[in-house]
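Trainee: Starting off with a structure, shown below.
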Amino acid sequence: MMLSRPFVTRITDLCLRARSSVAVSQKACLFCGRPNNQALDLEVPHQPQEDALIKQTDRPLPVITSRQLQFPSPYAEPKQAWLETLSTLEDQKLGLVDLHPDVFGIYPRVDVVHQNILWQRTYKRISYATTLSRSEMPGGGRKPWPQKGTGRARHGSVRSPIWHKGGSAMGPRGPQSYFYMLSAQLRALGLRSMLSIKFAQDDLHIVENLDIPMDDPQYLKELADVRFWGDSVLFVDDNDTLPRETAVALSEIPHFNALPVYGLNVYSMLKHHTLVLTVAAVEKIEERLLYVMHSTRRQKKVTYSYRTPTPFVRDPVIEQ
Amino acid sequence: MAAALVRSFALSANAKTTFGLRAVAINQTWTRTAFFRRQKDKEQEAEVTTVIPEEQTVSSPLSLAKTLRKRVGLQTVRSYAPPSDVEERFQRISSDVYGEVAEWKDYRFANNRIKFKFLTRAMSEFDHYVPNTDLNKINTVGDAVAFFSAPVRDSSSYEDITKLDLPPNLHIQLEPLRFDPETDTMYGGKTAFPGRPSKVISLKYQRKYGKKEE
Chain A
1 MMLSRPFVTR ITDLCLRARS SVAVSQKACL FCGRPNNQAL DLEVPHQPQE
51 DALIKQTDRP LPVITSRQLQ FPSPYAEPKQ AWLETLSTLE DQKLGLVDLH
101 PDVFGIYPRV DVVHQNILWQ RTYKRISYAT TLSRSEMPGG GRKPWPQKGT
151 GRARHGSVRS PIWHKGGSAM GPRGPQSYFY MLSAQLRALG LRSMLSIKFA
201 QDDLHIVENL DIPMDDPQYL KELADVRFWG DSVLFVDDND TLPRETAVAL
251 SEIPHFNALP VYGLNVYSML KHHTLVLTVA AVEKIEERLL YVMHSTRRQK
301 KVTYSYRTPT PFVRDPVIEQ
Chain B
1 MAAALVRSFA LSANAKTTFG LRAVAINQTW TRTAFFRRQK DKEQEAEVTT
51 VIPEEQTVSS PLSLAKTLRK RVGLQTVRSY APPSDVEERF QRISSDVYGE
101 VAEWKDYRFA NNRIKFKFLT RAMSEFDHYV PNTDLNKINT VGDAVAFFSA
151 PVRDSSSYED ITKLDLPPNL HIQLEPLRFD PETDTMYGGK TAFPGRPSKV
201 ISLKYQRKYG KKEE
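If you're matching them up, the sequences are chains A and B in order.
Position 153 of the first sequence, counted from 1, bears residue number 153 in UniProt numbering, the numbering being contiguous throughout.
Position 130 of the second sequence, counted from 1, bears residue number 130 in UniProt numbering, the numbering being contiguous throughout.
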């Protein structure tokens, strides 16, 4: 679907007009449903009672101005962010949200971010490269020629590593795992640094929820275009279910992705240009990262053994 | 897309304030390069603005390095040209939101509610959004006035140069030239990559070079 040239609109208190081809084709304002000729006429006042489609003008703004913070920092003021919405194409601010400075306002540790990204890429890696040693190579059991008298160099086996087609002396030996764990503190610090970076670079947006009015993927693409959000957007909610329209729209856009809070990671935040969090997600993220930051438990020792924790059972009884 | 975002660069009397290009003393810049020497027409001198290289707009390299603010690239921001009566409009908004106050510019927002109402009024009035980082810095009305008085450019100096009156033997190619066998005149319609599609895979460069799938 070709996008029409977005015409310049002034956001007034009278009427919000969709800067998109959708509204033009429907010949009506996307938000209040009034025909376009009326919407263009700014003399006609905008009555809140008329608008069944817009839910936010029914309730008084601001919706939220402050939040209770856990472990409030005595040294830094909370960071403030706008509460936005995905229900309208143009940006509409619903309130102000307080963000914890120890989560969203730290001086970012770029080295820790790098460690996190290295860890994320490496810990799942299993290298299957294998070479055979001289004992595993076929043949090579017999001495090729007598020790003395032939005039040639002395050799014991045709599969010694100095021979062509011989075994590998110090080569890769079978599947190798590169699994290791960064400490919880380091991982939490990486997440905190990344969230602070996103906030400081104006790439972080807080929304009320992930509800969108239509399941057309073009709506989300236009929304990101109009708001100058960037090429790729990561939506984070506190639970792992999405509203139907959002799920359908996001499934058709490969560079717009959604994650629950437990899937939030440094690599994804860096890969996506913009990060969109719901207020519930912010609550959960802050709770968990502050818990790790303020916990005094010792680092859990991770064993890198091949033995499984549960004993091997030859004939397990599977209950029906 | 780029054309829609860049405002028309008409050489009008309003050119000085429209795009936020600082009006430099004309005499200094006209003599700097032969490039501009032909524009020494006295009538035009008052109207035509010069293009300042991007490095000069930063107050100091340290201040740029100290902030975590990322660089503004091409067409990644919404441009803003402050109107001439910013202060008058703010006086009106402040009297509406919290009434008459002596020294209205030094008024510090009493609570978040007032701050929200004030800034949303200002944003709708000027059609310019306050990003989250600036929201934290704006604590007084004076800060808000300073924010809405600062222009925002959405085009690079390179693009601005193309809008000037160029010498006839200089041609600046802004749009990328992509090979199209139907409209090609240079290579006789023969593609350099037969049997392979010339797709642009990167998201960022799809905007610049255009998504073409064969």
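Here a beta-carbon is modelled for each residue, glycine too, at the ideal position from N, C-alpha and C.
Classify B/Glu55 as helix, strand or coil using the three-state DSSP reduction.
Mentor: The residue given as residue 55 of chain B occupies position 55 in the second sequence. Note that B/Glu55 scores a pLDDT of 44, beneath 50, so its modelled location is shaky and nothing firm can be said.
Trainee: So, is the C-beta of B/Val77 closer than 8 Å to a C-beta in chain A?
Mentor: For the purposes of this step, residue 77 of chain B is identified with residue 77 of the second sequence, where counting begins at 1. Interface residue, yes.
Trainee: Keeping to the same chain, check which residues put their C-beta closer than 6 Å to that of B/Ser149; ignore five residues upstream and five downstream.
Mentor: Counting from 1 along the second sequence, the entry for residue 149 of chain B is found at position 149. So the qualifying residues of the chain are Pro82, Val86.
Trainee: Taking the straight line between their C-alpha atoms, what separation do you get for A/Leu191 and B/Asn139?
Mentor: The sequence position of residue 191 of chain A within the first sequence is 191, counting from 1. The sequence position of residue 139 of chain B within the second sequence is 139, counting from 1. Distance between the alpha carbons of A/Leu191 and B/Asn139 is about 29 Å.
Trainee: In the DSSP output, which residue or residues are listed as bridge partners for B/Glu87?
Mentor: By 1-based counting over the second sequence, the position of residue 87 of chain B is 87. BP columns for B/Glu87 are empty, so no partner.
Trainee: What is the rounded straight-line gap between the Cα of A/Pro213 and the Cα of A/His100?
Mentor: Position 213 of the first sequence, counted from the start, is the residue given in the question as residue 213 of chain A. Position 100 of the first sequence, counted from the start, is the residue given in the question as residue 100 of chain A. Those two C-alpha atoms are separated by around 31 Å.
Trainee: Determine the chain A residues that contact B/Arg113 at a beta-carbon separation under 7 Å, and present them in chain order.
Mentor: The residue you call residue 113 of chain B lines up with position 113 of the second sequence. Going along chain A in sequence order, the residues near B/Arg113 (Cβ under 7 Å) are Pro62, Thr65.
Trainee: Alpha carbon to alpha carbon, what distance is there between A/Val266 and residue 236 of chain B?
Mentor: In the structure as shown, chain B begins at 1 and stops at 214. Residue 236 of chain B is therefore absent and cannot be evaluated.
Trainee: Please list the terminal residues of the continuous beta strand (DSSP E) segment that includes B/Lys137.
Mentor: Looking up residue 137 of chain B in the second sequence gives position 137. Looking at the DSSP string, B/Lys137 is not in any beta strand (DSSP E); the run it does join, the alpha helix (DSSP H), is 132 to 137.
Trainee: Below 8 Å on the Cβ atoms is my contact criterion, and I expect A/Lys79 with A/Phe228 to pass it. Report the Cβ-Cβ distance as a whole number of Å.
Mentor: By 1-based counting over the first sequence, the position of residue 79 of chain A is 79. By 1-based counting over the first sequence, the position of residue 228 of chain A is 228. With 8 Å as the limit, A/Lys79 and A/Phe228 do not qualify as a contact, their Cβ atoms being about 21 Å apart.
Trainee: Kindly confirm or deny that the stretch 220 to 239 of chain A and the stretch 80 to 96 of chain A touch, where touching means at least three C-beta pairs closer than 8 Å.
Mentor: Because the criterion of three Cβ pairs below 8 Å is met, the stretch 220 to 239 of chain A and the stretch 80 to 96 of chain A touch.
Trainee: Taking only three categories from DSSP, how would you classify A/Val302?
Mentor: Taking the first sequence and counting its residues from 1, the one referred to as residue 302 of chain A is at position 302. Correct three-state label for A/Val302: coil.
Trainee: Any contact between the stretch 163 to 182 of chain A and the stretch 120 to 134 of chain A? By contact I mean 3 or more CB pairs, one from each, below 8 Å.
Mentor: As far as the Cβ criterion goes, the stretch 163 to 182 of chain A touches the stretch 120 to 134 of chain A, which means the pair count is three or higher.
Trainee: What are the residues that DSSP puts in a beta bridge with A/Ile126?
Mentor: Residue numbering aside, residue 126 of chain A sits at position 126 when the first sequence is read from its first letter. For A/Ile126, which the question treats as bridged, DSSP gives the partners A/Ser177.
Trainee: Could you name the residues of the stretch 186 to 219 of chain A whose beta carbon sits closer than 9 Å to any beta carbon of chain B, in the order they occur along the chain?
Mentor: Flagged, chain order: Ser196, Ile197, Phe199, Ala200, Gln201, Asp202, Asp203, Leu204, His205, Ile206.
Trainee: Compare the Cα-Cα distances from B/Lys195 to each of B/Asp96, B/Phe147, B/Asn169, B/Pro181 and report the closest residue.
Mentor: What you label residue 195 of chain B is simply residue 195 of the second sequence in a count that begins at 1. In the sequence as displayed, the identity of residue 195 of chain B is Gly instead of Lys. Closest option to B/Gly195, Cα to Cα, is B/Pro181.
Trainee: Are any of the Cβ atoms in chain B nearer than 8 Å to that of A/His100?
Mentor: Translated into the one-based positions of the first sequence, residue 100 of chain A becomes position 100. Output row for A/His100: interface = no.
Trainee: With a Cβ-Cβ cutoff of 8 Å, do B/Glu77 and B/Val152 count as a contact?
Mentor: Here residue 77 of chain B refers to the residue found at position 77 of the second sequence. Here residue 152 of chain B refers to the residue found at position 152 of the second sequence. The question names Glu, yet the displayed sequence has Val at residue 77 of chain B. Yes, they are a contact pair.
Trainee: At a Cβ threshold of 8 Å, is B/Tyr98 touching chain A?
Mentor: The sequence position of residue 98 of chain B within the second sequence is 98, counting from 1. With 8 Å as the cut-off, B/Tyr98 does not count as an interface residue toward chain A.
Trainee: Residues of chain B with CB closer than 7 Å to the CB of A/Phe228, please, in chain order.
Mentor: For the purposes of this step, residue 228 of chain A is identified with residue 228 of the first sequence, where counting begins at 1. Those are Thr76, Val77, Arg78, listed as they occur along chain B.
Trainee: Using DSSP bridges, identify the partner residues of A/Leu257.
Mentor: Start at 1 with the first residue of the first sequence, and residue 257 of chain A comes out as number 257. The sequence shown places Asn at residue 257 of chain A, rather than the Leu named in the question. A/Leu234, per the DSSP bridge assignment.
Trainee: Would you mind stating whether A/Ser193 and A/Val292 have Cβ atoms separated by less than 8 Å?
Mentor: Residue 193 of chain A sits at position 193 when you count from the first residue of the first sequence. Residue 292 of chain A sits at position 292 when you count from the first residue of the first sequence. No.
Trainee: To the nearest whole angstrom, what separates the beta carbons of A/His255 and A/Ser232, a pair I think is in contact under 8 Å?
Mentor: Residue mapping note: residue 255 of chain A aligns to position 255 of the first sequence, counting from 1. Residue mapping note: residue 232 of chain A aligns to position 232 of the first sequence, counting from 1. Sure, about 4 Å apart at Cβ, within 8 Å.
Trainee: Under three-state DSSP, which class holds A/Arg121?
Mentor: Translated into positions along the first sequence, residue 121 of chain A becomes position 121. Helix.
Trainee: Need the endpoints of the beta strand (DSSP E) that A/Val97 sits in, please.
Mentor: For the purposes of this step, residue 97 of chain A is identified with residue 97 of the first sequence, where counting begins at 1. Segment 95 to 99, the beta strand (DSSP E) holding A/Val97.
Trainee: Within 10 Å of its beta-carbon, does A/Glu319 have 16 or more other beta-carbons around it, so buried, or fewer, so exposed?
Mentor: Position 319 of the first sequence, counting from 1, holds the residue named residue 319 of chain A. A/Glu319 comes out exposed.
Trainee: For the stretch 126 to 145 of chain A against the stretch 153 to 173 of chain A, do three or more pairs of beta-carbon atoms, one drawn from each stretch, fall closer than 8 Å, so that the two count as touching?
Mentor: Yes, the stretch 126 to 145 of chain A is in contact with the stretch 153 to 173 of chain A.
Trainee: Find out if the Cβ-Cβ distance for the pair A/Ser66, A/Asp98 is shorter than 8 Å.
Mentor: Translated into the one-based positions of the first sequence, residue 66 of chain A becomes position 66. Translated into the one-based positions of the first sequence, residue 98 of chain A becomes position 98. A contact, by the Cβ cut-off of 8 Å.
Trainee: Is A/Gln320 helix, strand or coil when you go by DSSP?
Mentor: Mapped onto the first sequence, residue 320 of chain A falls at position 320. DSSP places A/Gln320 in coil when its eight states are reduced to three.
Trainee: If you run the structure through DSSP and keep just helix, strand and coil, what is A/Gln68?
Mentor: As a first step, residue 68 of chain A must be located in the first sequence, where it is residue number 68. A/Gln68: coil per DSSP, three-state reduction.
Trainee: For the pair the stretch 166 to 176 of chain B and the stretch 233 to 245 of chain A, tell me if three or more CB-CB distances fall below 8 Å.
Mentor: With a cut-off of 8 Å, the stretch 233 to 245 of chain A and the stretch 166 to 176 of chain B do not count as touching, because too few Cβ pairs lie within range.
Trainee: Which residues, in chain order, does the stretch 72 to 90 of chain A contribute to contact with chain B at a C-beta distance below 7 Å?
Mentor: Going along the stretch 72 to 90 of chain A in chain order, one finds Lys79, Gln80, Ala81, Trp82 with a Cβ nearer than 7 Å to chain B.
Trainee: Closest to B/Arg113 by CA distance: which of A/Arg109, A/Gln147, A/Val63 is it?
Mentor: Within the second sequence, numbered from 1, the residue matching residue 113 of chain B stands at position 113. Taking only the C-alpha atoms, the option nearest B/Arg113 is A/Val63.
Trainee: Ends of the beta strand (DSSP E) at B/Lys163?
Mentor: In the second sequence, the residue the question calls residue 163 of chain B occupies position 163. Segment 157 to 163 is the alpha helix (DSSP H) holding B/Lys163; no beta strand (DSSP E) there.
Trainee: Considering only residues of the same chain and omitting the five flanking positions on each side of B/Arg108, which have a CB-CB separation below 7 Å?
Mentor: Taking the first residue of the second sequence as position 1, residue 108 of chain B is located at position 108. Counting only Cβ-Cβ distances below 7 Å, and skipping sequence neighbours, we find Asn139, Thr140.
Trainee: Buried or exposed for A/Arg152, going by 16 or more other Cβ atoms inside 10 Å?
Mentor: Taking the first sequence and counting its residues from 1, one reaches residue 152 of chain A at position 152. When all chains shown are included, A/Arg152 counts as exposed.
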